[in-house]
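S.K.: Attaching a single structure in structure tokens format; questions to follow.
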Amino acid sequence: MVYQLAAFFVFEDAFNYWFHRLLHYGPFYKNIHKQHHEFSAPFGLAAVYAHPLEIIILGIGTIGGPILWVSITHDLHFATVLIWITLRLFQSIDAHSGYDFPWSLRHFIPFWAGSEHHDYHHMAFVNCYSSSFRWWDYLMGTDLKYKAYRKKTAKLKVGEVKIKAN
């Protein structure tokens with residue numbers, strides 16, 4: 038079951054990266070994805086606040102993994118699907134929670150995206166398109182501004198950057 042869940046996360050993350058990125062393109066953003074970005078500082082339930090077409094499009098990535106798996110192996114227990122959907126929902130709510138909890142997977146899996154990664158996406162409206170893992174953003178260079186932002190905020194925390202008062 039664990040390897041199946043891992044495969045579903047990898048499949049969904051790849052699907053989500055490319056289609057989420059597509060939803061940031063011109064008419065797709067204006068007519069579909071913009072609704073989800075009404076929250077620049079998201080909270081957990083904002084994860085599912087989206088245009089119905091977006092729910093369908095990105096939902097294909099969530100159910101596509103199990104469908105592909107069972108079509109190839111003919112072996113998938115219904116309990117695994119229920120656990121997968123539950124984990125995926127928790128992941129999405131966590132990414133939109135606005136909190137970087139000590140128990141967040143980001144602290145245990147170095148390439149896990151987490152809420153900080155997705156908060157940047159909602160703040161900047163671009164970059165950081167991945168849902169679970171950071172590797173697609175890394176490979177495609179869509180995390181460069183996020184990395185620069187993290188570096189700058191880290192310097193602010195230790196007082197290395199001076200902030201000008203008006």
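To convert, take the position in the sequence shown, counting from 1, and add 37; that gives my numbering. Note that the Cβ used here is the ideal one computed from N, Cα and C, for glycine as well. Fair warning: this is a prediction, and the values are worked out from it, not measured in the lab.
Helix or strand or just coil, what does DSSP make of F46?
M.R.: Reduced to three states, the DSSP call for F46 is helix.
S.K.: Could you give the first and the last residue of the continuous alpha helix (DSSP H) run that contains E75?
M.R.: Unbroken run through E75: none, as it is neither H nor E.
S.K.: Tell whether a beta-carbon distance below 7 Å holds between F150 and R171.
M.R.: Checking the sequence shown, residue 150 turns out to be Ala, not Phe. Result yes, Cβ atoms of A150 and R171 sit closer than 7 Å.
S.K.: When the Cα atoms are used, what is the spatial distance from L176 to F145?
M.R.: Looking at the two C-alpha atoms, the distance is approximately 21 Å.
S.K.: Short of 7 Å in beta carbon distance, which residues of its chain neighbour P204, apart from the five on each side in sequence? Order them along the chain.
M.R.: Any property of residue 204 remains undetermined from this structure, which presents the chain solely from 38 to 203.
S.K.: With I120 as the anchor, note down where its alpha helix (DSSP H) starts and where it stops.
M.R.: Where I120 is concerned, the enclosing alpha helix (DSSP H) stretches over 115–132.
S.K.: Starting from H111 and walking both ways along the alpha helix (DSSP H), at which residues does that stretch end?
M.R.: Premise fails: H111 is in no alpha helix (DSSP H) and is neither H nor E.
S.K.: Please list, in chain order, all residues of the same chain as Y183 whose beta carbon is under 6 Å from its beta carbon, the five residues on each side excluded.
M.R.: The answer, listed in chain order, is Y157, N164, C165.
S.K.: Using DSSP with H/G/I as helix, E/B as strand and the rest coil, what is W173?
M.R.: W173 falls in the helix class under three-state DSSP.
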